[in-house]
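The sequence shown runs -25 to -1, 1 to 591 under mature numbering (1 follows the signal peptide of the UniProt record, and there is no 0). The beta-carbon is built from N, C-alpha and C at its ideal position, and this holds for glycine as well.
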Amino acid sequence: MNRLSVLLSTCMAASAALFSVPALAATPPHFAIQGDQFLLDGKPYVIRSGEMHYPRIPRADWRDRLRKARAMGLNTITTYAFWNVSEPEPGKFDFSGNNDIAAFVRTAQEEGLNVIVRPGPFVCAEWEFGGFPAWLLRTPGLRVRSYDPRFLAASAAWFKRLGQELAPLMSTRGGPILMMQVENEYGYVGNDRDYMEAIRKQMIDAGFDVPLFMSNGPGPTWMSRGSLPGLVSVINFTGDAKKTERAFLRSAPMMHDMPKMAGEYWSGWYDRWSEPHKTRSTEEVTSAVGWMLDRGISFNLYMIDGGTNFGWMNGANNDDAKYLPVTTSYDYDSPIDEAGRLTPKYGALRKVIQAHLPKSEPLPEPPASSPTMAIPRFELHEAISLLDALPSLSKPQTSLVPHGMEAFGQNYGLILYRKRLDADTKGTLDVSDVHDYATVLADGRPLGTLDRVKQEHAMPVDLPAGSTLDLLVENMGRINIGPGMEDDNKGITSAVQVDGMDITGWTVYPLPLDDLSGLVFKADAAPDDPAFWRGSFEIANVAGTFLDMRDWHKGNVWINGHHLGRFWNIGPQQTLYVPASWLRKGRNDVVVLEMQPGGSHAIVGLKDPVFGTAAQ
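Here it is in structure tokens:
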């Protein structure tokens, strides 16, 4: 019995025959692949796509962003399906609100756009854990993106449930979904064909009966490792017209007798904490798109609207074994910016695309840029120490030695490890594996921080018996691609020692911070340790804004109960985007978790984002 047969006896089966949702159109468009062309209703079809991710854009803004994409000249929208937001706990699926991928797809169809879906199970996307649910890490030794039957059983269940949402929206049934991608850039990390075949089989079993394709970096090495016989291969890259030509020439042997497509043409780039802000020139992008359109080559602009890594959903890179988390903003220097405004890149690309369309296909006029507004400075006068708030935030657990937050059933947020010292403790405190940012406190007094970005893990301590040692650790985002993904448990994942002697007997407080309603704030309090601060502002009219966090240090912000994400004065991001749909006329409440003492504890709202460092 081969490995695939063993898998099929292990994984949950799914049947497309279960779907009985009526077709969306009386005469569905027929999408096919014939030789080196895509065909729609029997005619050659050049895919002009842009990437847009539904969890990164508030649902209230989906239609506006899709309409703007259509007006720029796109005929298709591409999105990943994000496993971790739709199955936050094993078997507990959530496709409501901003997770409603089917509603996003239907909205695209209503706006005259076809859709390409990339359901993973791995998506990368600079997204937390590459889109995998964190609970996979609760199984010791489980290997993601592999033939591990435990992983494949989980991915089969994911595809089966996703199929209930998306299979009725295939173009074969009158929906707008033309194609779906198998895995994602697998050639960068592996070459297990049995694994890729298993994923393809799971997708087919889930009812995904449109053409399937695979995407990898350009050139025969990556493409041969990450492709399957019989599937279209597309390439992911960036550069001007000359580099675009070179990418297709290098890939030509692997793209013989199939349509040519840039599965991701990177129209910008993303930011990571502590690095300079990234942009990509309009001239470079338009020259590449013009070159592809001149030759009838399909493309997907990654991104058309980057959006925001709201909440805890940013990913992280592990370049050369150095951990580098991605910022909250995922603006990506996109044609449509994070706030829904049309950039010069948008206008230039629209002009290039329009020049390649027949006069019989005029583009609709673009909607207006989404407005943004300034908000006068307001103070956050109320506060409560995080340590004082522990009873309302967490139920303590005990552990002989520290473990990662996954061992305590926790996925995101912070986790606190507490030890009352039985004897005088003097020497080097060594937290050998900090994932990812630890604040060290003694009797509530901050002693310092240990930052994985800086590869810090040790500091001197001199504490008398009876002291309470607290190690407050923040999950800054799991690695989203490459080495280290499968081992990126969060919190403290190894021993805590002082001068080589283990400290044991911990009380552990998981802090997912998904409900702050129990916090009891005090007016004019002034805690000098990690603390929550609360204030409010009033507005007569609603528009998007950017909260200026340059007077703060490091932490997270919630507004009217919505978790905006992280701020950090090391930059490059210094502001947090607030969507208009998350604001209301009249009073708006703001809560800030500040990890370090000091600062003014005041905020202003700006019309435009700020990038740089706190000193600039």
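In this structure, P572 lies away from D462, with their beta-carbon atoms at least 7 Å apart.
Taking all protein chains shown into account, L375 has fewer than 16 neighbouring C-beta atoms within 10 Å of its C-beta and is therefore exposed. Secondary-structure assignment with DSSP links S304 through a beta bridge to T283. The straight-line gap separating the alpha-carbon atoms of L425 and E85 is approximately 50 Å. Nearest Cα to A382 within the set M145, W110 and G419: W110. By the Cβ neighbour-count rule, G116 is exposed, with fewer than 16 other Cβ atoms within 10 Å of its own. Excluding the 5 residues flanking it on each side, G561 has same chain C-beta neighbours closer than 7 Å at E513, in chain order. By the criterion of a C-beta distance shorter than 6 Å, L539 is surrounded in its chain by V532 and L551, once the five residues flanking it on both sides are discounted.
When secondary structure is reduced to three states using DSSP, T219 falls in the helix class. Taking Y484 as the centre and dropping the five residues before and after it, the same chain places the C-beta of L365, S369, P371 and L391 closer than 6 Å to its C-beta, in chain order. Annotation: L206 to A263 spans about 25 Å, alpha carbon to alpha carbon. The C-alpha of Y55 lies about 7 Å from the C-alpha of G95.
Boundaries of the beta strand (DSSP E) harbouring F512: A506 to I514, taken from the DSSP string. As DSSP reads the structure, A7 sits in a beta bridge with L14. Straight through space, the alpha carbons of G149 and Y298 are spaced by roughly 45 Å. In the DSSP assignment, no residue is bridged to A296. The Cβ-Cβ distance between F126 and Q177 does not fall below 7 Å.
Taken in chain order, the whole beta strand (DSSP E) runs of length 3 or more contained in the region 36 to 75 are 51 to 55. Of the candidates E103, T257 and S335, the residue whose Cα lies closest to the Cα of A216 is T257.
The region 235 to 247 makes contact with the region 302 to 312, as at least three CB pairs between them are under 8 Å. Under the three-state reduction of DSSP, Q548 is assigned to strand. The secondary-structure analysis by DSSP pairs M460 with nothing; it has no beta-bridge partner. Under the three-state reduction of DSSP, A498 is assigned to strand. Here G530 is near M570, since their CB atoms are less than 7 Å apart. DSSP places V565 in the strand class (E or B) of the three-state scheme.
Taken through DSSP and simplified to helix, strand or coil, R270 comes out as coil. The Cβ neighbour count for R352, taken over all protein chains shown within 10 Å, is under 16; the residue is labelled exposed. DSSP places R200 inside the alpha helix (DSSP H), whose first and last residues are P195 to R200.
Taking 8 Å as the upper bound for CB-CB distance, L447 and A501 are not in contact here, some 19 Å apart. Setting aside the 5 residues that flank it on each side, P421 is surrounded in the same chain by D504, each with a C-beta closer than 6 Å to its C-beta; the list follows chain order. Look at Y484 here: in three-state DSSP terms it is strand. Shortest Cα-Cα distance from H331 to any of H5, R23, I478 and I8 involves R23. The count of Cβ pairs closer than 8 Å, one atom from the region 57 to 68 and one from the region 332 to 349, stays below three, leaving the stretches out of contact. In chain order, E101, Y245, D246, R247, W248, N284, N289, G290, A291, N292, G452 and N455 place their CB closer than 8 Å to the CB of V301, counting only its own chain and leaving out the 5 sequence neighbours on each side. The shortest C-alpha to C-alpha distance from D232 to any of P554, M460 and I8 is the one to I8. For F104, the three-state secondary structure derived from DSSP is helix.
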